[in-house]
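Have a look at the structure below before the remarks.
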Ligand code: NOJ
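In mature numbering (1 follows the signal peptide of the UniProt record, and there is no 0), the protein residues as written are -19 to -1, 1 to 536.
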């Protein structure tokens, strides 16, 4: 169980706090719906990532990634699931593009699997042309259908060899290896790809990969591992941006950004200065950790102060937060053509001192506690509460902190737990999209420079340590069926209407969307239930189990 979840359980208090009226941009607006449309040219799409969707984990010359190896270890993933097959996106991308075309997507966000291109992580070793061909075909078909590819270079699937030989992101040599990989992608795909994301959510790679160990490679280097990994990731990002800038930009005319995940942190007590500072710290330790070096040249002052002080109290000669040289600072500053924002949820934050000593960690370094309001809707993943107003605040924070950068929302969406009955009539997802997209529209009216929105995700897929137990997809995937058929949830129809109206034109129309979207989902539910019963039966028969029908239509 993640620390966030434990905190949630421990501190799920009823919070009698009212809206924070301190911020101008939310005055009298919380809860009110804004009818209006997005600027012409606003880009709509959805996303996924290589390890989560592709399958074909050992096919056509692909090497192992840290996720292949991690997921195959017992006890790491819910029900010991792996993404060996997942959605079989490697084979079904043509079908998926047909779905996107029908929804009139402007863009599709996907990631390139590094070990599919360099099976041993290193260019000098071997380039896998079959892997290149897969991405070539995918990119070409997207473009043939007028869908712009937004391509992530690192969505967590580091080649296993680099982990085994060097310790992965703990080692500075990753900077050059990643740059070689990125450079090859620019060379081979950059004539057609114009939006590059270096890293997806490096916070997770650093904290969950090297601090809590819940994610691959599963290291638990408390208080140091995440800071070191992040330090190398930031340098690698900057190097790749410079490579593009000096070698490819003038020919290819594309953009290179990074995608950062951030929850919003709201002070529990808005009259309490300590809570206000704690909430700011929460966001700085989350998004600011990466965004501040990239936009302003160095780590947030508050991180340097807190981690530095705690390291000194521990008797360490230097801070556990690594230091950038002045040369590095100016090299890193300004290396972002657009900022990708992944956002799902919000926390209330209050101040709490964690005395330093043994057991220091990224989490205790922040001196705060995360709280949730149990009245917030919580339909799926335990950590994911629907708090739409937090999105607008986060976007405005980005605008003021980093000089109003160009933003693409690279992830936003909500899951359902599979323990619940299969239901394609996903009312809560429609509500979530409606409210979050509306808050993004308000942020645009506040002057935030948002250019596009990516629903997360196109398909149900492998949800990291949660395996297949959490479904984020617009399309339901029947994982028990070898062919991994996709079924549209009602939210497909709903999102389609948002896209075709480019926002929320007027109350009458928007209010009819939900009804129209749910018109067909009950019959799709019946179809799916029948198909699932059949695939459950088939898989039992294959496993030599007796012929019985499930009592509940549970997934
Ligand atoms: C962020 C990750 O980038 C993505 O892969 C994941 O599916 C979502 N969070 C939801 O947990």
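From the three backbone atoms N, C-alpha and C, an ideal C-beta is built for every residue, glycine too.
In this text, all values refer to a predicted model and were calculated from it rather than measured experimentally.
Quick one: what's residue i bridged to in DSSP?
{"i": "residue 133", "result": "92 and 178"}
{"i": "residue 548", "result": "As shown, the chain starts at -19 and ends at 536. That puts residue 548 outside it, with no answer to give."}
{"i": "residue 544", "result": "Shown here, the chain extends from -19 to 536; a query on residue 544 therefore has no answer."}
{"i": "residue 420", "result": "Paired residues: none, contrary to the question."}
{"i": "residue 456", "result": "440 and 469"}
{"i": "residue 393", "result": "436"}
{"i": "residue 451", "result": "398"}
{"i": "residue 28", "result": "90 and 437"}
Under a three-way DSSP split, which group does residue i fall into?
{"i": "residue 21", "result": "coil"}
{"i": "residue 444", "result": "coil"}
{"i": "residue 37", "result": "coil"}
{"i": "residue 232", "result": "helix"}
{"i": "residue 398", "result": "strand"}
{"i": "residue 432", "result": "strand"}
{"i": "residue 483", "result": "coil"}
{"i": "residue 519", "result": "helix"}
{"i": "residue 493", "result": "helix"}
{"i": "residue 316", "result": "coil"}
{"i": "residue 188", "result": "helix"}
{"i": "residue 303", "result": "coil"}
{"i": "residue 251", "result": "coil"}
{"i": "residue 140", "result": "strand"}
{"i": "residue 237", "result": "strand"}
{"i": "residue 58", "result": "coil"}
{"i": "residue 388", "result": "strand"}
{"i": "residue 46", "result": "strand"}
{"i": "residue 2", "result": "Confidence at residue 2 is low in this model, with a pLDDT of 32, below 50, so its placement is unreliable and the value that follows should be read with caution. Coil, per DSSP."}
{"i": "residue 532", "result": "Any reading at residue 532 must be qualified, since the residue scores a pLDDT of 32, below 50, and its modelled position is unreliable; the value itself is stated next. In the structure shown, residue 532 sits in coil (DSSP, three-state: anything other than H, G, I, E or B)."}
{"i": "residue 79", "result": "helix"}
{"i": "residue 513", "result": "helix"}
{"i": "residue 464", "result": "coil"}
{"i": "residue 298", "result": "coil"}
{"i": "residue 169", "result": "helix"}
{"i": "residue 67", "result": "coil"}
Could you work out which residue in the options is closest to residue i when comparing CA atoms only?
{"i": "residue 441", "options": "447, 431, 453 and 93", "result": "453"}
{"i": "residue 395", "options": "384, 407 and 375", "result": "407"}
{"i": "residue 228", "options": "164, 184 and 193", "result": "164"}
{"i": "residue 295", "options": "473, 182 and 336", "result": "336"}
{"i": "residue 37", "options": "275, 170, 322 and 112", "result": "112"}
{"i": "residue 24", "options": "334, 435 and 232", "result": "435"}
{"i": "residue 59", "options": "85, 362 and 249", "result": "362"}
{"i": "residue 73", "options": "343, 31, 415 and 430", "result": "31"}
{"i": "residue 480", "options": "87, 340 and 299", "result": "87"}
{"i": "residue 116", "options": "411, 90 and 102", "result": "90"}
{"i": "residue 146", "options": "134, 181, 125 and 103", "result": "103"}
{"i": "residue 40", "options": "70, 26 and 276", "result": "70"}
{"i": "residue 393", "options": "284, 376 and 491", "result": "376"}
{"i": "residue 182", "options": "174, 173, 430 and 210", "result": "210"}
{"i": "residue 223", "options": "338, 51, 515 and 313", "result": "313"}
{"i": "residue 431", "options": "251, 220, 321 and 304", "result": "321"}
{"i": "residue 412", "options": "450, 494, 428 and 288", "result": "494"}
{"i": "residue 108", "options": "80, 119, 152 and 42", "result": "42"}
{"i": "residue 238", "options": "250, 397 and 221", "result": "221"}
{"i": "residue 92", "options": "485, 391, 451 and 462", "result": "391"}
Can residue i be considered in contact with the ligand FAD, in the sense that its beta carbon sits closer than 8 Å to one or more heavy atoms?
{"i": "residue 26", "result": "Inclusion of the ligand FAD in the displayed structure is not the case, the ligand content consisting of the ligand NOJ alone."}
> Okay, do the segment 47 to 54 and the segment 184 to 200 touch, 3+ Cβ pairs below 8 Å being the bar?
Replying inline: yes
>> Tell me whether the segment 214 to 228 and the segment 48 to 66 touch, counting them as touching only if at least three CB pairs, one residue from each stretch, are closer than 8 Å.
In response: no
> Does the segment 17 to 32 come within contact of the segment 149 to 169, defined as at least 3 CB pairs closer than 8 Å?
Replying inline: no
> So, do the segment 313 to 324 and the segment 378 to 395 have three or more beta carbon pairs nearer to each other than 8 Å?
Replying inline: yes
>> Contact between the segment 340 to 353 and the segment 321 to 332 is defined here as three or more beta-carbon pairs at a separation below 8 Å; is this criterion met?
In response: yes
> So, do the segment 179 to 194 and the segment 117 to 132 have three or more beta carbon pairs nearer to each other than 8 Å?
Replying inline: no
> Does the segment 492 to 508 come close enough to the segment 463 to 483 that 3 or more CB-CB pairs lie under 8 Å?
Replying inline: yes
>> With three or more C-beta pairs closer than 8 Å as the rule, is the segment 232 to 246 touching the segment 265 to 275?
In response: yes
>> Between the segment 305 to 315 and the segment 169 to 180, can you find at least three pairs of beta-carbon atoms closer than 8 Å?
In response: no
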